[in-house]
Amino acid sequence: MAQYDNTNTFALFKNDQGDNPKRPNYTGNMNVDGIEFRISGWIREGANGKFISGTVQLKEPKAEVRGKPVVEGADEDVPF
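The sequence shown begins at 6 in this note's numbering and counts up by one.
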């Protein structure tokens, strides 16, 4: 099966989660020249009717969860 090229595309989905009145009405992802972005859109009303305004943020890589570092020879200093 051929791999679909998502370069220079975006997708918005209706955001039904939460009761916060400031939450975006739509959220999604956008790819511009291979760089991933997170997009949000709000339904607004102006003099010419309804429209969607939005924001774009660089998608940060997920933080790696790490445990406590293991220190070599730490048991050698224990007096018992």
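Even for Gly, the Cβ is constructed at its ideal location relative to N, Cα and C.
Treat the numbers as computed from the prediction; the structure is a model and nothing was measured.
Evaluate residue i with the Cβ neighbour count: other Cβ atoms within 10 Å of its Cβ, from every protein chain shown; 16 or more gives buried, anything less gives exposed.
i      : result
Pro-29 : buried
Give me the residue from the options with the minimum Cα distance to residue i.
i      : options                           : result
Glu-65 : Trp-47, Ser-58, Phe-42 and Thr-32 : Phe-42
Between which two residues does the beta strand (DSSP E) harbouring residue i extend?
i      : result
Thr-14 : 14-19
Arg-43 : 40-51
Gln-62 : 54-63
So, with DSSP's three-state summary, where would you put residue i?
i      : result
Gln-8  : coil
Gly-33 : strand
Let me check you understand the geometry: is the CB of residue i closer than 7 Å to at least one non-hydrogen atom of the ligand PLP?
i      : result
Thr-12 : As presented, the structure is devoid of all ligands, the ligand PLP included, so that no description of it is given.
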